[in-house]
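With our numbering applied, the sequence shown corresponds to residues 4 to 421, in that order. C-beta: ideal position from N, C-alpha, C; glycine also. The structure presented is a predicted model; accordingly, all values stated were derived computationally and were not measured. Inspection log for the structure reproduced underneath, given as structure tokens.
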Amino acid sequence: MQVYKFGGASVKDAQSVRNVFSILEKTEKKDILIVISAMGKTTNALEEVVESYFKDKNSSEQSLQKVKDFHYTIIDELFKDKNHPVYWKIDGLFGEITSFIDRNKSPQHSFVYDQIVGFGELLSTTIISHYLNDKGIRNIWLDGRNLVRTNSNYREAEIDWEETKRNICDSIKPSLMYITQGFIGSDSNYFTTTLGREGSDYSAAIFAYCLQAESVTIWKDVAGVLNADPRYFKQTRLLEKIPYQEAIELAFYGASVIHPKTLQPLQKMEIPLNVRSFLNPEAKGSSVCKINELTPKIACYIRKQNQHLLSLSSLDFSFIGEENIGFIFNLLATYQIKVSLLQNSAISFNICIEDKFKNLHFLLEKLREKFKVECIENVILYTIRHSSNEDSFEFLDDQKEILLEQFALNTLQKIVRE
Ligand code: ADP
Ligand code: ASP
Ligand code: MG
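Okay, structure coming up:
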């Protein structure tokens, strides 16, 4: 089987859904599992529903209305028959969100988040599955929550591989086409869980791993994996062939075209990952596979934002030794804060961190009990992979203040305040 993944940008409106149909129409194979994200910016819009729910339960109706309007506009364009069953299916899904909001008693933010935000993918796959079936591309819609089993670590759930594999292999028969959701799973109590923002690439890899798929193709709004994000860098070039190791590094440093967790399961099974453009489906794109060298071997530039730079030093000029470092990392793990870079000397310890769960102030409070702590919020981490001596950060203009530099293993990094 092959696994295809269509992200939010590729299904952002009715025209994009028609484009998905035309991509599938041209593929000869029918044994494809298609993983789809929420349409356009739906996940952000559902996050707003969650925020308004916690501010004032009654105000969430207004933000939910925006999500409804967006989806019904798309359905109205795609289905001419106003009695089409897709309408009552979508009405049903919105009804489930409303009844969850009315009945929920849990004060736990991450739990509520997953129960509401997970509907983005259920809506998109329901619409697209119906549309494709109507257009003659026969497919079976699967509820990914019955397949992807996770723990109850809401918003960043971890996979129970054994059970997930069993569920997937029991439900999917090669030779048919299936449509399912990215990003979501469920825990042992059948509550919806999510795998982390932008996690649908990872979902595609989970399905591919469990099915021992032939390949995964993720359809993006770019030509493939480029040597820099075209939103921030000019004159980017396509990376045609990328070793797994290299792709893992690029994703880790912040090349957001591939979710960082995607590569590990694929690499284990040696399943190639193709990154192709849904705007130019004839083009080959990039392939991440088992090879030794990046082709072409050129410097890659990565910009990672929403970082914070912490500089810690001991209160009494003593060394920051193993015990202290252990203490710091325990706190980071407790608050689910990720480290993007670190640099230490005898009495100082600098870490660049990413705080997805908004726990920075708790971390700072704890650290300040033991260390002198300086924190610069909202810095940007620039990385150049395969940097030769001639490479420079000439693209950083003089206005930008460089806070820290590091060069190791052909990788040059700068933390910058803009
Ligand atoms: P999806 O529609 O699957 O959610 P994303 O928006 O997450 O897709 O990923 C595509 C985007 O990734 C591109 O529009 C581009 O701006 C960004 N991007 C970041 N780094 C790179 C890179 N090295 N190569 C290509 N695109 C990149
Ligand atoms: N819809 C989710 C998000 O926007 C997952 C994904 O698109 O990959 O984060
Ligand atoms: Mg995305």
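{"Item": "Collapsed DSSP secondary structure at LEU282 in the structure displayed", "Value": "coil"}
{"Item": "At least 3 beta-carbon pairs within less than 8 Å: the stretch 255-262 vs the stretch 221-238", "Value": "yes"}
{"Item": "Boundaries of the beta strand (DSSP E) in which LYS8 is found, first to last residue", "Value": "5-9"}
{"Item": "Segment contact flag, the stretch 21-29 with the stretch 131-140, C-beta cutoff 8 Å, min 3 pairs", "Value": "yes"}
{"Item": "7 Å CB neighbourhood of SER132 in its chain, flanking five on each side removed", "Value": "ASN142, TRP144, ILE182"}
{"Item": "Backbone CA spacing between PHE57 and GLN118 [nearest angstrom]", "Value": "14 Å"}
{"Item": "Exposed unless 16 or more other CB atoms sit within 10 angstroms - verdict on ASN295", "Value": "exposed"}
{"Item": "The stretch 96-114 / the stretch 61-79 touching (three or more Cβ pairs under 8 Å)", "Value": "yes"}
{"Item": "Classification of CYS172 by the beta-carbon crowding that lies within 10 angstroms, buried from 16 upward", "Value": "exposed"}
{"Item": "Bridge partner(s) assigned by DSSP for TRP222", "Value": "PHE9, ARG279"}
{"Item": "Nearest neighbour of TYR338, chosen from PHE352, ILE350, GLU368, LEU318 [CA to CA]", "Value": "GLU368"}
{"Item": "Rounded C-alpha distance that separates PHE210 from GLU159", "Value": "18 Å"}
{"Item": "Span of the beta strand (DSSP E) around LYS375", "Value": "374-388"}
{"Item": "Continuous alpha helix (DSSP H) assignments of at least 4 residues falling wholly in the stretch 117-160", "Value": "122-137"}
{"Item": "Contact test: ARG200 Cβ vs the ligand ASP heavy atom, cutoff 6 Å", "Value": "yes"}
{"Item": "VAL6 beta carbon less than 7 Å from that of VAL219", "Value": "yes"}
{"Item": "First and last residue of the uninterrupted alpha helix (DSSP H) at VAL342", "Value": "Where VAL342 is concerned, there is no enclosing alpha helix (DSSP H), although the beta strand (DSSP E) it sits in stretches over 341-347."}
{"Item": "Assigned exposure category for ALA250 - 16 Cβ within 10 Å defines buried", "Value": "buried"}
{"Item": "Contained beta strand (DSSP E) runs [length at least 3] in the stretch 290-364, N- to C-terminal order", "Value": "303-317, 341-347, 351-357"}
{"Item": "Candidates GLY199, ALA216, GLN416, of which the one nearest ILE175 by Cα", "Value": "ALA216"}
{"Item": "Cβ shell of LEU315 (< 6 Å), same chain only, five flanking positions each side left out", "Value": "PHE352, PHE374, VAL376"}
{"Item": "Counterpart residues of PRO246 in DSSP-defined beta bridges", "Value": "CYS292"}
{"Item": "Burial state of TRP91, where buried means 16 or more other Cβ atoms lie within 10 Å", "Value": "exposed"}
{"Item": "Straight-line gap, LYS403 to LEU384 (C-alpha atoms, nearest Å)", "Value": "12 Å"}
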